[in-house]
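Asker: Protein sequences appear in the order of chains A and B.
Residue 185 in our numbering sits at position 185 of the first sequence; the count goes up by one each step and never skips.
Residue 1057 in our numbering sits at position 57 of the second sequence; the count goes up by one each step and never skips.
Before I ask anything, let me first share the structure, which is written out below as structure tokens.
Number of protein chains: 2
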Amino acid sequence: MTLTVDTERLRADIERTGEFGAVPVERGHARTVRCGTDANRRAREYLVEQLRAADLTVEIDAVGNVAGTWCPSSADPETDPVAVGSHLDSVPEGGIFDGPLGVYAGLEVVRTLQDAGARPARPITVVSFTEEEGGRFADGLLGSSVATGRRGVEEALELTDADGVTLDEALTDTGFRGEGLLDPKGWTAWFELHVEQDTVLESAAVPVGVVTTITGITHCEAHIEGEPNHAGATGMDDRTDALAAASELVLAVERAAKEVVATDSTSAVGTVGSLNASPNATNVVPGAVTAGIDVRDVRRASMDRIVDRVRETLARLERERGVQTTLQRPFDLDPTPMSDQLRRAVHDAGAQAGVETLDLPSGAAHDTMHVADATDAALLFAPSRDGISHNPLEWTDWDDCAAATRVLAGAVADAADVQFD
Amino acid sequence: MTLTVDTERLRADIERTGEFGAVPVERGHARTVRCGTDANRRAREYLVEQLRAADLTVEIDAVGNVAGTWCPSSADPETDPVAVGSHLDSVPEGGIFDGPLGVYAGLEVVRTLQDAGARPARPITVVSFTEEEGGRFADGLLGSSVATGRRGVEEALELTDADGVTLDEALTDTGFRGEGLLDPKGWTAWFELHVEQDTVLESAAVPVGVVTTITGITHCEAHIEGEPNHAGATGMDDRTDALAAASELVLAVERAAKEVVATDSTSAVGTVGSLNASPNATNVVPGAVTAGIDVRDVRRASMDRIVDRVRETLARLERERGVQTTLQRPFDLDPTPMSDQLRRAVHDAGAQAGVETLDLPSGAAHDTMHVADATDAALLFAPSRDGISHNPLEWTDWDDCAAATRVLAGAVADAADVQFD
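Put into structure tokens, the structure is as follows:
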């Protein structure tokens, strides 16, 4: 049975979702959809409408995760469902594919199976997780971290944004504070389709990637305390400039990651993504800097080597520049290998659909990292033009979206023991 | 004739002024007195009361500069007065001495001369300039820039703050939108006493500094444009990280200033005081950075050498890192030498009062920079404990305030051709 995805139907859902929180930009398509905002409410409401229109039963859990389940008469409602999905939120001025592709590909899989008269033995659940990107209430992967028990429900609901608004309040205000909790342990398998955000598939001209391992991630926060002082009246030898010290740290992180790439693991990355100086006035020697450091690799040892270099650098800056430093590590996830069985199923589905597939690691975190703790999980990638993401220029050709959705449909059909008329 | 300053009277005025806009802090004394605010109104009203109480005739000019003139019968009202003063506004959470010391030392000079039965041949004018610190309507030195013709009155009155309020409105609302304009060209001499904001006097244990040259100041704004991208999915060799590039710039500015100090001019300083990264999220490779650079020296050539190094560094970063850069120079003031004749008069006054004096440059900008274009100008410094200023811990001992005011009184008396009974 060859499954035919409706490219235009998939495209319409993704484009419509891209209108919520849209930001005018010169080139590309930008949207800002932070968790629990009005744009997020509209994106979720549109999803609920589309799930219901396709005959799925919708549940909203306590932290706003949305699930729609298709349980036709062929399926035993007591068996574990196959789940498929991603997220709807975005980074500020992010693109329209990161997240929505995986959610609407999941829904399109169900619609495709319905159109083909498929009779699954298991229910199929389409999922949208809360605050995957992070940045308002948490560092990211919020909904999946609660669903998989890494974080307590109450603790999550009490998380506050910069203005003191709790997740509970934001979800209640937008109508997405539900009850109960999604339980990935009760899923027989989980699939997520996402944009690659790198150039491996584009370079190889292959439309579907099958992730072998999701990179481990450490977030460190380095605080450097110098002495704020008058930029004119304080001689070069009398200052303890926190920003000059922080600049050495930024370059040390870059250098350490490049060394690990050259010697150990080509997938390792180290980034100082955020830097906040205080008092941050042109005519004042900076007194304090906080820097947010992101370290990732599919090998734990490579990550630790880069973090060790951060520690050594801070110790050296204390000795050489007289600053005081602290290092916190608020976020740390091991590398996560994907299910071998589901990977084989995805490759087989590709072969059956006549779509080429390719193994590759994921440098980005995804909700699948958490779900893989609870059940067998697979992560599929579609090509990103120029590897660009978290950016208005993020782009995946509609034909590639459809090809990846066809492969996804084949793999989901296999996991759900689908029979055709 | 030995002049005796009333330390307690001077202290009472400075402490009272420190109460306007006071901010509770754990240690020290903080005040936030932005131009044209209620705190500024109260500080100005108190000054006007004290000027009138000492028999000075008060004028408010079009941009809110306050002047009180003592013209006793001994003085010819047609001759050019001697002017002395400073400013009353502060940086956010600034100290109580920066500005008010110079204004109330000026008034205390008049009261001291009155108490001593002095008969000046010239009037003596005590001045408080509008918005010396800047930050609400302008970069700083606002009142003196208008009084000396560097900036037009109408242009100044139309300056707006971040909320769109004009200087005209703020002055009118607080009752300090006067008429006409102070004219420093009509002053025979100008004196300003200010806190040093560095440790030269403290280290030398000398209570009065006599400024040789006020540093020149350049403010540059460098903009570095890289490519924002996913911190996990973008390999180390595929990124154009604006923050890593900016970090090289920060260190290049520091290095360039230190080299100039070592080879050319010990007073040179170069600071990257502000740095704003975008999107400034830990998990995104920084796409753009704007850095505010402050370069100062008493030698123009040293300043230019540091700015040249900024330009060279940006050009190198374009070549080596593929970033795009721009450099703007919104603020540029030449070094300003003080009047040799008035400097000698201040040293002589110190010798006569038995107070040690010391030549030194000023690394900070002061209204005296502008006034020196219009007439002979002198700038005196009192010691700053630990060199701290623009900070609640700013402190100058009351005895040092009084000693500096005695020296100031001697120099003003000399310039005003004072006779004693």
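Every residue, glycine too, gets a C-beta built ideally from N, C-alpha and C.
Model, not experiment: these values are computed from the prediction.
Thinking B:T1218 and B:M1303 are a contact (beta carbons under 8 Å), I'd like their distance in whole angstroms, please.
Answerer: Taking the second sequence and counting its residues from 1, the one referred to as residue 1218 of chain B is at position 218. Taking the second sequence and counting its residues from 1, the one referred to as residue 1303 of chain B is at position 303. Sure, about 6 Å apart at Cβ, within 8 Å.
Asker: Give the list of continuous alpha helix (DSSP H) stretches no shorter than 4 residues that lie fully inside the stretch 207–256 of chain A.
Answerer: Whole alpha helix (DSSP H) segments, 4+ residues: zero.
Asker: Can you give me the C-alpha to C-alpha distance between B:E1154 and B:T1166, rounded to a whole angstrom?
Answerer: In the second sequence, the residue the question calls residue 1154 of chain B occupies position 154. In the second sequence, the residue the question calls residue 1166 of chain B occupies position 166. C-alpha separation (whole angstroms): 11 Å.
Asker: Kindly indicate which three-state DSSP category B:V1200 falls into: helix, strand or coil?
Answerer: For the purposes of this step, residue 1200 of chain B is identified with residue 200 of the second sequence, where counting begins at 1. Looking at B:V1200 - three-state DSSP - the assignment turns out to be helix.
Asker: Going by the CB atoms, is the gap between B:E1225 and B:Q1324 shorter than 8 Å?
Answerer: Counting from 1 along the second sequence, the entry for residue 1324 of chain B is found at position 324. Counting from 1 along the second sequence, the entry for residue 1225 of chain B is found at position 225. Cβ atoms of B:Q1324 and B:E1225: closer than 8 Å.
Asker: Is any beta-carbon of chain B found at less than 8 Å from that of A:P92?
Answerer: Translated into the one-based positions of the first sequence, residue 92 of chain A becomes position 92. Output row for A:P92: interface = yes.
Asker: Looking at C-alpha atoms only, which residue of A:N229, A:A374, A:D168, A:D13 is the closest neighbour of A:V103?
Answerer: Against the first sequence, residue 103 of chain A aligns to sequence position 103. Among A:N229, A:A374, A:D168, A:D13, the Cα nearest to that of A:V103 belongs to A:D13.
Asker: Please compile the residues from chain B whose C-beta is within a distance smaller than 7 Å of the C-beta of A:H370.
Answerer: On the first sequence, residue 370 of chain A is found 370 positions in, with the first residue counted as 1. By Cβ distance, chain B contributes nothing, its closest Cβ being about 16 Å from A:H370, past 7 Å.
Asker: Counting C-beta neighbours from all protein chains within 10 Å, is the total for B:R1041 16 or more, i.e. buried, or is it exposed?
Answerer: Against the second sequence, residue 1041 of chain B aligns to sequence position 41. Result: buried.
Asker: Between the stretch 200–214 of chain A and the stretch 75–94 of chain A, do at least 3 Cβ pairs fall closer than 8 Å?
Answerer: Not touching, per the Cβ criterion.
Asker: Determine, using beta carbons only, whether A:H230 comes closer than 8 Å to chain B.
Answerer: Residue 230 of chain A sits at position 230 when you count from the first residue of the first sequence. True, the Cβ-Cβ gap to chain B drops below 8 Å.
Asker: Per DSSP, which one or two residues make a beta bridge with A:G95?
Answerer: Walking along the first sequence from the start, residue 95 of chain A turns up at place 95. In the DSSP output, where bridge partners are listed per residue, A:G95 has none listed.
Asker: If we count Cβ pairs, one from each stretch, closer than 8 Å, do we get three or more for the stretch 1032–1040 of chain B versus the stretch 1161–1177 of chain B?
Answerer: Taking 8 Å as the limit for Cβ pairs, the verdict is that the stretch 1161–1177 of chain B does touch the stretch 1032–1040 of chain B.
Asker: Find the residues of chain A that neighbour B:S1247, judging by a C-beta separation of less than 7 Å, and give them in chain order.
Answerer: Numbered from its first residue, the second sequence carries residue 1247 of chain B at position 247. Simply S247, V250, L251.
Asker: Given 7 Å as the limit, tell me if A:F137 has its C-beta closer than that to any heavy atom belonging to the ligand GTP.
Answerer: This structure simply doesn't include the ligand GTP, nor any ligand for that matter.
Asker: By the 7 Å beta-carbon criterion, what residues does the stretch 1251–1279 of chain B contribute toward chain A?
Answerer: If the cut-off is 7 Å between Cβ atoms, the stretch 1251–1279 of chain B has L1251, E1254, A1257, K1258, V1261, V1269, T1271, V1272, G1273, S1274, L1275, A1277, P1279 near chain A.
Asker: Can you tell me which of B:L1142, B:V1298, B:V1110, B:V1310 puts its alpha carbon nearest to the alpha carbon of B:Q1050?
Answerer: Walking along the second sequence from the start, residue 1050 of chain B turns up at place 50. Of the candidates B:L1142, B:V1298, B:V1110, B:V1310, the one whose C-alpha sits nearest the C-alpha of B:Q1050 is B:V1110.
Asker: State buried or exposed for B:A1147, treating a residue as buried only when at least 16 other CB atoms are found within 10 Å of its CB.
Answerer: For the purposes of this step, residue 1147 of chain B is taken as residue 147 along the second sequence, with counting starting at 1. Per the 10 Å Cβ criterion, buried.
Asker: Between B:T1234 and chain A, is any beta-carbon pair separated by less than 8 Å?
Answerer: Walking along the second sequence from the start, residue 1234 of chain B turns up at place 234. Interface residue, yes.
Asker: Is it buried or exposed, B:R1319, if we count other Cβ atoms within 10 angstroms and call 16 or more buried?
Answerer: Walking along the second sequence from the start, residue 1319 of chain B turns up at place 319. So B:R1319 counts as exposed.
Asker: Quick one, which of B:P1077, B:W1070, B:V1048 has its alpha-carbon nearest B:S1128's?
Answerer: The residue you call residue 1128 of chain B lines up with position 128 of the second sequence. Ranking B:P1077, B:W1070, B:V1048 by Cα distance to B:S1128 puts B:V1048 first.
Asker: Considering B:S1422, what are the terminal residues of the beta strand (DSSP E) in which it resides?
Answerer: No answer is possible for residue 1422 of chain B: the residues shown for chain B start at 1001 and end at 1421.
Asker: Helix, strand or coil for B:V1346, going by three-state DSSP, please let me know.
Answerer: Here the question's residue 1346 of chain B lines up with position 346 in the second sequence. Helix at B:V1346.
Asker: Would you mind stating whether B:A1413 and B:A1118 have Cβ atoms separated by less than 8 Å?
Answerer: As a first step, residue 1413 of chain B is located in the second sequence; it is residue number 413 there, counting from the start. As a first step, residue 1118 of chain B is located in the second sequence; it is residue number 118 there, counting from the start. Yes, the Cβ-Cβ distance between B:A1413 and B:A1118 is below 8 Å.
Asker: Taking 8 Å as the threshold (beta carbon to beta carbon), is A:D241 in contact with chain B?
Answerer: In the first sequence, counting from the first residue as 1, residue 241 of chain A sits at position 241. Yes, A:D241 counts as interfacial toward chain B.
Asker: What does DSSP give as the partner residue(s) for B:Q1328 in the beta ladder?
Answerer: Taking the first residue of the second sequence as 1, we reach residue 1328 of chain B at position 328. Looking at the DSSP assignment, B:Q1328 forms a beta bridge with B:E1221.
Asker: Which of the three DSSP states is assigned to A:P123 in this structure?
Answerer: As a first step, residue 123 of chain A is located in the first sequence; it is residue number 123 there, counting from the start. Reduced to three states, the DSSP call for A:P123 is coil.
Asker: Please list the partners that B:A1075 has in chain A, where partner means a Cβ-to-Cβ separation under 8 Å.
Answerer: Mapped onto the second sequence, residue 1075 of chain B falls at position 75. Within chain A, no residue comes near B:A1075; the closest Cβ sits about 36 Å away, beyond 8 Å.
Asker: Step through the CB atoms of chain A and report whether any lies within less than 8 Å of the CB of B:D1308.
Answerer: As a working note, residue 1308 of chain B is residue 308 in the second sequence. Cβ-Cβ to chain A under 8 Å: no for B:D1308.
Asker: So, under 8 Å CB-CB, A:V210 and A:L408 are touching, yes? Tell me the CB distance rounded to an integer number of Å.
Answerer: Here the question's residue 210 of chain A lines up with position 210 in the first sequence. Here the question's residue 408 of chain A lines up with position 408 in the first sequence. Between A:L408 and A:V210 the Cβ distance is about 11 Å, and since that is not below 8 Å, they are no contact.
Asker: At the 8 Å Cβ level, is A:S144 part of the contact set with chain B, yes or no?
Answerer: Taking the first sequence and counting its residues from 1, one reaches residue 144 of chain A at position 144. So, not an interface residue.
Asker: Check the C-beta distance from A:P286 over to A:L243 and give it rounded, since I have them as a contact under 8 Å.
Answerer: Position 286 of the first sequence, counted from the start, is the residue given in the question as residue 286 of chain A. Position 243 of the first sequence, counted from the start, is the residue given in the question as residue 243 of chain A. Between A:L243 and A:P286 the Cβ distance is about 4 Å, and since that is below 8 Å, they are a contact.
Asker: For a contact defined as C-beta to C-beta under 7 Å, what are the partners of A:V285 on chain B?
Answerer: Along the first sequence, one-based indexing puts residue 285 of chain A at 285. Residues of chain B passing the Cβ test: T1271, G1273.
Asker: Here's the rule: buried if 16 or more other CB atoms are within 10 angstroms of the residue's CB, otherwise exposed. What is A:T17?
Answerer: Start at 1 with the first residue of the first sequence, and residue 17 of chain A comes out as number 17. Counting Cβ neighbours within 10 Å, A:T17 comes out buried, since at least 16 surround it.
Asker: If we define contact as Cβ-Cβ less than 8 Å, is A:Q197 a contact residue for chain B?
Answerer: Mapped onto the first sequence, residue 197 of chain A falls at position 197. Output row for A:Q197: interface = yes.
Asker: Rounded to whole angstroms, what is the Cα-Cα separation between A:T4 and A:R177?
Answerer: Reading the first sequence from its first residue, position 4 is the one you call residue 4 of chain A. Reading the first sequence from its first residue, position 177 is the one you call residue 177 of chain A. Distance between the alpha carbons of A:T4 and A:R177 is about 36 Å.
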